[in-house]
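Residue numbers (our numbering): 4 to 149.
Okay, structure first, notes after.
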Amino acid sequence: MRRLIAAPEASPLIGGALAGSPEARALSQAIASHRALVGAAFQRMAQKVTRDAATDAPLTLLAAQARWIAAAHAELDALHASDAFLASQAKVVAAAVALRAAEAAAAAAWCVAHALPTRAEVDDLARTVAALRRELRALKRDLGKP
């Protein structure tokens, strides 16, 4: 049942300096809200299956399993089509992106403080080296032509 109501987990990197950050709190709140929404859908589905089982004749194990799966699919289809679910997912994604940006900023600040190149500087250097290699290959081709 826990896996049914699970939402994306927060990164283990959130610990430390970013643990109390507004971005980490926003992500935790968004994940909790999303889990509550999915958990409520699971509860509705379980209540429907229980109600149906109480009013119908006893079923074989396979028939009971098929009923449970059909009810779960119906409830999840309704949940996934709802505006509340889409808004909840959007909040989780936006909060995760904001936290990743805060992590990148913290990593860049640490690199600057320790006189190391930042990720952006390394990426820029890699692009420059690739462009120079392309240019060198083109010059070698041009020199080799008659």
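Idealized CB from N, CA, C, for every residue including glycine.
* Rounded straight-line distance, which links the Cα of Ala49 to that of Leu7 -> Any reading at Leu7 needs caution, since the residue's pLDDT is 48, under 50, leaving its predicted position unreliable; the model's value is listed next. Taking the CA atoms as reference points, Leu7 sits about 12 Å from Ala49.
Residue range of the alpha helix (DSSP H) that Thr58 falls in? Pro25 to Thr58 is the span of the alpha helix (DSSP H), which, as asked, contains Thr58.
### Task
Starting from Thr131, trace the alpha helix (DSSP H) both ways and give me its first and last residue.
Arg122 to Gly147 is the span of the alpha helix (DSSP H), which, as asked, contains Thr131.
### Query
Which residues in the same chain have their Cβ closer than 7 Å to the Cβ of Ala74, if we skip the five residues on either side of it in sequence?
For Ala74, where only same-chain residues beyond five positions count, the Cβ hits under 7 Å are Met48, Lys51 and Val52.
Next on the checklist: Considering only their Cβ atoms, is the gap separating Leu82 from Ala44 smaller than 9 Å?
Outcome noted: Yes, they are a contact pair.
message = Ala98 and Ala22 - do their beta-carbons sit closer together than 9 Å?
response = Going by C-beta atoms, Ala22 is not nearer than 9 Å to Ala98.
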